[in-house]
Amino acid sequence: MSRPAQSTLSQPTVAIAGGGPAGAVAALVLARRGLRVVVLEPAAGPRDKVGETLPPSLRPLLSHLGLEDAIARDGHRRSHGNRSFWGSDQASESPFLANPYGSGWHVDRHRLEARLEAAARRAGAEWKQLRVDRVCRRGRRWRLELSQPTAVGRRQRETLEVDFLADATGRRSRLAHHLGARRVRYDQAWPAGQPRALC
Ligand SMILES: Cc1cc2nc3c(=O)[nH]c(=O)nc-3n(C[C@H](O)[C@H](O)[C@H](O)COP(=O)(O)OP(=O)(O)OC[C@H]3O[C@@H](n4cnc5c(N)ncnc54)[C@H](O)[C@@H]3O)c2cc1C
């Protein structure tokens, strides 16, 4: 078994595992606040993912982030309502006709994620193509074991220590699970996590 090499990365204050919408927006906000942020995302670029609708209620948040105009110019299709099935086989309709924020969007997911990543990078966040394999508390800091695939099918490993760590690995919540969090079900359709213990 090979030992992880010491990190050659700079020592940022916050590491965010996952560069999807949650990770990118967290990075954007924290970098704008002057924190040193590194996003650790194993994928080389935006990938196909389910979830392509943004409701009108998201507009105030996008506006607050200074992203509403850019996203409006990105060519996503306007959405005038949602029809969804949520924990039942009965469709639920939500037309946006009377919505105070107007219409939503059917987004091109790649374009949306590229836009969010670009905004976070512009604010100063670093992006590293690395997967977080393990995390552990070390005194007041977090120690992360990271890896990326090599051309010969192995994984190159390195470590990183940071002051703060955010799990933005999506629904699977990989770090939260790794640290012992368990899912709490609020309804039949969607589980949410509640941390049980650190390492
Ligand atoms: C059927 C379905 C329909 C949906 N429809 C909608 C919708 O219409 N509108 C909507 O807003 N949402 C929808 N969603 C929710 C959708 O999951 C979210 O929109 C969005 O993908 C969540 O963003 P995220 O950044 O939290 O996670 P993700 O987009 O999943 O990003 C997580 C990132 O973490 C990375 N990652 C994973 N493991 C590691 C690791 N060990 N180390 C580092 N990085 C890691 C992944 O590569 C990934 O890029 C839907 C979900 C489902 C299942």
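If you read the sequence shown in our numbering, its first letter stands for residue 27, the second for the next number, and so on.
By construction, the Cβ of each residue, glycine as well, lies at the ideal position given by its N, Cα and C atoms.
In this structure, what does DSSP give as the bridge partners for Glu-119? Here residue 119 is taken as the residue at index 93 of the sequence shown, counted from 1. Note: Glu-119 sits in a beta bridge opposite Arg-109.
By alpha-carbon positions, which one of Arg-59, Trp-112 and Ser-173 ends up nearest to Asp-213? As a working note, residue 213 is residue 187 in the sequence shown. It is Trp-112 whose Cα lies nearest to the Cα of Asp-213.
Length of the line joining the Cα atoms of Tyr-45 and Glu-143: What you label residue 45 is simply residue 19 of the sequence shown in a count that begins at 1. What you label residue 143 is simply residue 117 of the sequence shown in a count that begins at 1. A small fix is needed here, since residue 45 is Gly in this sequence, not Tyr. Approximately 8 Å between the Cα atoms of the pair.
Spatial neighbours of Trp-168 within its chain, please: CB distance less than 8 Å, with the 5 preceding and 5 following residues excluded, ordered by chain position. Against the sequence shown, residue 168 aligns to sequence position 142. Here the set comprises Ala-41, Val-161, Cys-162, Glu-187, Val-188, Asp-189, Phe-190 and Leu-191.
Buried or exposed by the 16-neighbour rule on C-beta atoms within 10 Å, applied to His-102: Within the sequence shown, numbered from 1, the residue matching residue 102 stands at position 76. With 16 or more other Cβ atoms within 10 Å, it is buried.
Give the range of the alpha helix (DSSP H) segment to which Pro-72 is assigned. One-based indexing of the sequence shown puts residue 72 at position 46. Premise fails: Pro-72 is in no alpha helix (DSSP H) and is neither H nor E.
Quick one: is Thr-176 buried, meaning 16 or more other Cβ sit within 10 Å of its Cβ, or exposed? For the purposes of this step, residue 176 is taken as residue 150 along the sequence shown, with counting starting at 1. When all chains shown are included, Thr-176 counts as exposed.
Ala-96 versus Gly-107, Leu-172, Val-133 and Arg-164, residue with shortest Cα-Cα distance: Position 70 of the sequence shown, counted from the first residue, corresponds to residue 96. The residue with the shortest Cα to Cα distance from Ala-96 is Val-133.
Should Thr-185 be listed as close to ligand 1, given that the test is whether its C-beta is under 7 Å from any heavy atom? Translated into the one-based positions of the sequence shown, residue 185 becomes position 159. Outside the cutoff, so no.
Sheet register partners of Gly-130 (DSSP bridge): Taking the sequence shown and counting its residues from 1, one reaches residue 130 at position 104. Its beta-bridge partners are Ser-105.
Give the secondary structure of Gly-45 by DSSP, where H, G and I count as helix, E and B as strand, and everything else as coil. Against the sequence shown, residue 45 aligns to sequence position 19. Coil, per DSSP.
Helix or strand or just coil, what does DSSP make of Pro-221? Locating residue 221 in the sequence shown gives position 195, counting from the first residue. Because Pro-221 carries a pLDDT of 42, less than 50, the predicted location of this residue cannot be relied on, and the following value inherits that uncertainty. Coil, per DSSP.
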